[in-house]
Amino acid sequence: MTDETVHESQETRSRRGIASYFRRLANRLSRGEPAPADEEQTVTVTPPAESEFEVEVEREDGTVTLEIDMEWNEDEGEVATDVAASKATFEVYEDSAEQYRWRLRHDNGNIIADSGEGYASKQKAEQGLESVKSNAPGAYVVDESKDDSVVEEGGSKATFELFKDSEGKARWRLRHDNGEIIADCGQGYASKQKAKQGLQSVKTNARGAPVEEGE
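Using the UniProt record's numbering, you'd call the opening residue of the sequence shown number 1 and step up by one each time.
Here's what the structure looks like:
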């Protein structure tokens with residue numbers, strides 16, 4: 001059997017972004033589900049119930065390196081590539097006011113998120129959805145419907161805000177750290193639980209969703 005590097009990546013990330021990556025791995029591993037190795041979630045690993053685990057902190061020439069290794073026999077776990085990472089598709093379209101918008105449509109036909117506003121150009125709309133792709137998976141969740149806002153763990157440059165609208169329905173919006181709302185649920189939910197399920201679907205499916213022209 002030949003040696004093969006299935007996936008390798010290197011980039012600069014914030015501590016929050018790194019924590020978000022490890023949290024996603026931890027959640028999948030604890031449930032025994034395929035864990036994504038890359039941000040697009042197209043490469044997944046499914047380790048066995050037990051594997052060799054090594055942590056090493058090294059200091060050399062003013063640089064500190066933290067290395068975390070897991071190792072197992074190939075026939076005891078699984079590695080998958082070209083995984084269908086998302087069950088949704090971004091659709092970019094022009095509305096009746098000749099503004100460009102996007103919506104995220106689940107494979108079941110439901111629209112699970114939209115841009116919430118029109119953009120002057122298709123390029124701006126695509127930039128907006130790329131921001132959602134980058135920030136939704138690791139975004140914090142803040143429950144604004146309570147007197148004391150409850151923050152659920154996350155780590156990105158955006159925050160999901162849960163709130164009640166004027167009709168008493170539960171909604172969410174994704175607000176960037178610069179104050180702009182970059183995604184909206186587009187509809188009211190009968191319960192907070194349903195709204196949480198909706199934003200969780202966006203968290204799960206936004207990153208790997210393809211982009212297509214809509215009508």
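Where a beta carbon is used, it is the ideal one built from N, C-alpha and C, also for glycine.
Item checked: Where residue 44 sits in the DSSP three-state scheme -> Numbered from its first residue, the sequence shown carries residue 44 at position 44. Strand at residue 44.
Checklist line | Close-in-space but distant-in-sequence residues of the same chain around residue 212 (CB under 8 Å, 5 per side omitted) | finding: As a position in the sequence shown, residue 212 is number 212, starting the count at 1. Once the five neighbours on either side are set aside, the close Cβ partners of residue 212 are 89, 90, 91, 92.
Notebook entry, point to check: Who are residue 36's beta bridge partners in DSSP?
Noted result: By 1-based counting over the sequence shown, the position of residue 36 is 36. Partner(s): 44.
Item checked: residue 65, enclosing beta strand (DSSP E) - first and last residue -> Mapped onto the sequence shown, residue 65 falls at position 65. First-last of the beta strand (DSSP E) with residue 65: 63-71.
Check: What did DSSP end up calling residue 26 once you bin it into helix, strand or coil?
Finding: Locating residue 26 in the sequence shown gives position 26, counting from the first residue. In this structure, residue 26 counts as helix in the three-state DSSP scheme.
Notebook entry, point to check: Candidates 103, 72, 17: which alpha carbon is nearest residue 46's?
Noted result: Position 46 of the sequence shown, counting from 1, holds the residue named residue 46. Checked all of 103, 72, 17; the closest Cα to residue 46 is 72.
Margin query: Let me check one thing: in DSSP terms, what residues is residue 89 bridge-paired to?
Written below: Taking the first residue of the sequence shown as position 1, residue 89 is located at position 89. 105.
Check: residue 258 bridges to which residues according to DSSP?
Finding: Since the first residue of the chain shown is 1 and the last is 215, residue 258 is not available in this structure.
Margin query: Tell me the rounded alpha-carbon separation between residue 176 and residue 116.
Written below: What you label residue 176 is simply residue 176 of the sequence shown in a count that begins at 1. What you label residue 116 is simply residue 116 of the sequence shown in a count that begins at 1. Answer to the nearest angstrom: the Cα atoms are 13 Å apart.
Notebook entry, point to check: Do residue 199 and residue 160 have their C-beta atoms within less than 7 Å of each other?
Noted result: Here residue 199 refers to the residue found at position 199 of the sequence shown. Here residue 160 refers to the residue found at position 160 of the sequence shown. A distance below 7 Å separates the beta carbons of residue 199 and residue 160.
Next item on the list: Whole angstroms is fine: what's the gap from residue 44's alpha carbon to residue 36's?
Entry: Along the sequence shown, read from residue 1 onward, the residue named residue 44 stands at position 44. Along the sequence shown, read from residue 1 onward, the residue named residue 36 stands at position 36. Roughly 4 Å between the two C-alpha positions.
Check: Given a threshold of 16 other Cβ atoms within 10 Å of its Cβ, counted over all protein chains shown, does residue 195 qualify as buried or as exposed?
Finding: Against the sequence shown, residue 195 aligns to sequence position 195. Under this definition residue 195 is a buried residue.
Notebook entry, point to check: For residue 79, which residues of its own chain have a beta-carbon under 7 Å away from its beta-carbon, when the five flanking residues on both sides are left out?
Noted result: Within the sequence shown, the letter at position 79 stands for residue 79. Answer for residue 79: 6, 45, listed in chain order.
Check: Using the beta-carbon count (16 or more within 10 Å), is residue 183 buried or exposed?
Finding: Here the question's residue 183 lines up with position 183 in the sequence shown. Under this definition residue 183 is a buried residue.
Checklist line | Whole-Å CB distance - residue 171 paired with residue 165, under 8 Å assumed | finding: On the sequence shown, position 171 is the one that residue 171 refers to. On the sequence shown, position 165 is the one that residue 165 refers to. Yes, they are in contact, since the Cβ atoms of residue 171 and residue 165 sit about 5 Å apart, within 8 Å.
Checklist line | Terminal residues of the beta strand (DSSP E) in which residue 79 lies | finding: As a working note, residue 79 is residue 79 in the sequence shown. That run of the beta strand (DSSP E) goes 78-80.
Notebook entry, point to check: Should residue 129 go down as buried or exposed, given a rule of 16 or more other Cβ atoms within 10 Å for buried?
Noted result: Taking the first residue of the sequence shown as position 1, residue 129 is located at position 129. Looking at its Cβ environment, which holds 16 or more other Cβ atoms inside 10 Å, residue 129 is buried.
Item checked: With 16 other Cβ atoms within 10 Å as the buried cut-off, status of residue 156 -> Your numbering for residue 156 matches position 156 in the sequence shown. With 16 or more other Cβ atoms inside 10 Å of its own Cβ, residue 156 counts as buried.
Notebook entry, point to check: For the putative contact between residue 64 and residue 55, defined by C-beta atoms under 8 Å, what is the C-beta separation to the nearest angstrom?
Noted result: As a working note, residue 64 is residue 64 in the sequence shown. As a working note, residue 55 is residue 55 in the sequence shown. No, residue 64 and residue 55 are not in contact; Cβ-Cβ is about 13 Å, not under 8 Å.
Check: Which of the three DSSP states, helix, strand or coil, is assigned to residue 113?
Finding: To locate residue 113, count along the sequence shown from 1; it is residue 113. The answer is strand: DSSP assigns residue 113 an E or B state.
Next item on the list: Please list, in chain order, all residues of the same chain as residue 125 whose beta carbon is under 7 Å from its beta carbon, the five residues on each side excluded.
Entry: Within the sequence shown, residue 125 is the residue found at index 125, counting from 1. Excluding sequence neighbours, residue 125 sits near 92, 100, 101, 102, 115, 119.
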